[in-house]
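Every letter in the sequence shown is one number past the one before it in numbering that gives the first Met the number 0, and letter 10, counting from 1, is 9. Where is the CB? At the ideal position from N, CA and C, for every residue including glycine. Here the structure is laid out as structure tokens; the discussion comes afterwards.
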Amino acid sequence: MGLLDTLLGHAGEKSTDKVNEDFGPLLAAGETVQRAFGEIRDLIVFTDRRLILVDKQGVTGRKTEFLSLPYRSIVMFSLETAGHFDLESELRLWVSGQPNPIVRHLGRSAGSEDIIALLAQNSPR
């Protein structure tokens, strides 16, 4: 991922070694990061047990929200891809017990197809 892609907010795949190092205290014993995708400050992390959505807030990004979703709680998901004039795709996750979906905006080259494939792969059978 180049500097221009980062500045435009296009997400890309992140190094799992770096994410494992950064997320060490947040992971359960034996839990490992499978893949991670990120934009400028936000991350979508797939572990062998759950999906973690990381939302850095504020100007400095010091305030961070970690939303942990066990794969079994994700009831449905959708992806609205970017069109010719759109700059971003939209990922929607419906979680059991919640009437409204969780919405995340992804850049044009965010690896959105990979994200959907991983969600399908990790869905309970």
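- If you look at LEU118, you'll find it in the alpha helix (DSSP H) that goes 111-121.
- The three-state reading of DSSP puts SER95 in coil, since its state is none of H, G, I, E or B.
- In this model, PHE36 and LYS13 are separated by some 5 Å (Cα to Cα).
- Distance from the CA of MET75 to the CA of ALA28, rounded to the nearest whole angstrom, comes to 28 Å.
- Rounded to whole angstroms, the gap between the alpha carbons of GLU79 and PRO24 is 33 Å.
- The shortest CA-to-CA distance from SER122 to any of GLN56, PRO69, GLU87 is the one to PRO69.
- Within the model, the alpha-carbon separation for ASP47 versus ARG34 is close to 9 Å.
- The C-beta of ILE39 has fewer than 16 other C-beta atoms within 10 Å across all chains shown, which makes the residue exposed.
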